[in-house]
Every structure is written in C-alpha cells, then in structure tokens.
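Working notes, structure below.
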Amino acid sequence: GRNKLLNDFEDQAASKKTIIKQLEESNSQNIDLKSYQEEVKNSLQETQHKLGVARAELNCCQRKNDGDQERIEKLELELKDSHKREKDLRYQLDDEMGRGEDLQVKVDK
Numbered sequence: 058g059r060n061k062l063l064n065d066f067e068d069q070a071a072s073k074k075t076i077i078k079q080l081e082e083s084n085s086q087n088i089d090l091k092s093y094q095e096e097v098k099n100s101l102q103e104t105q106h107k108l109g110v111a112r113a114e115l116n117c118c119q120r121k122n123d124g125d126q127e128r129i130e131k132l133e134l135e136l137k138d139s140h141k142r143e144k145d146l147r148y149q150l151d152d153e154m155g156r157g158e159d160l161q162v163k164v165d166k
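If you count the sequence shown from 1, you need to add 57 to reach the working numbering.
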C-alpha cells in the first residue's frame, strides 16, 4: 500500500508541476501581450501627435492661402482700377489732342 501511496503522491506532484509550467507559460504570454499593447499604445500616440502636427501645418497653409487669395483679389481690383484710369487718361489725351487740332486749324486760318 505504501508504494501505491508514493505513486499517487508522485503523480500529484507531476500534475502540479505541469500546472505550474502551464501557468508560467500563460504568464509569459500575458507579459508579451502587455508589452505589445504598450507598443501599440505608444505607436498610436506618436501617430496622433504626427496627425496633430500635420493638421496644424494644414491650418497654417490654409490661412496663408486665404491671405494670398485676399491679396490676389485686392490686386485684381487695383489692376481693373488702373485700366479704368488709363482709359480715362486716353480719353482726356484724345480730347486735348482734338482741341489742339482745333486750335491749329484756327491758327492756320
């Protein structure tokens, strides 16, 4: 009977060793998962940071673009204005020339 008892005891010890080994493996996998989770979290934070920087740059470019657009519109208005002034001056010049010709005709007579 003592041999049977000893065998049972050894079987129990072996099965406990197996369970402990399985727990250690499981624990090791959990540690791996935790470090992977940490890597993913860090990578996500880094990506969010880059996205924030890119968004800020985009906003800056948009503001600059809006400013450029305003300047372009202002310059276009100034250009139209100067064309109008040029036309007016041409008419004035034509008038003066016409009057000059009228005077010349009177002097010739």
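The beta-carbon is built from N, C-alpha and C at its ideal position, and this holds for glycine as well. Keep in mind that this is a model prediction, so the values were computed, not measured.
A straight line joining the alpha-carbon of S85 with that of I77 spans about 12 angstroms.
Sequence-distant partners of E130 (beyond 5 residues in either direction) whose C-beta falls short of 6 angstroms from its own C-beta are missing from its chain. Straight-line spacing of the CA atoms in K107 and R128 works out to 31 angstroms. In the same chain as R112, and ignoring 5 residues on each side of it, no C-beta atom comes closer than 8 angstroms to its own.
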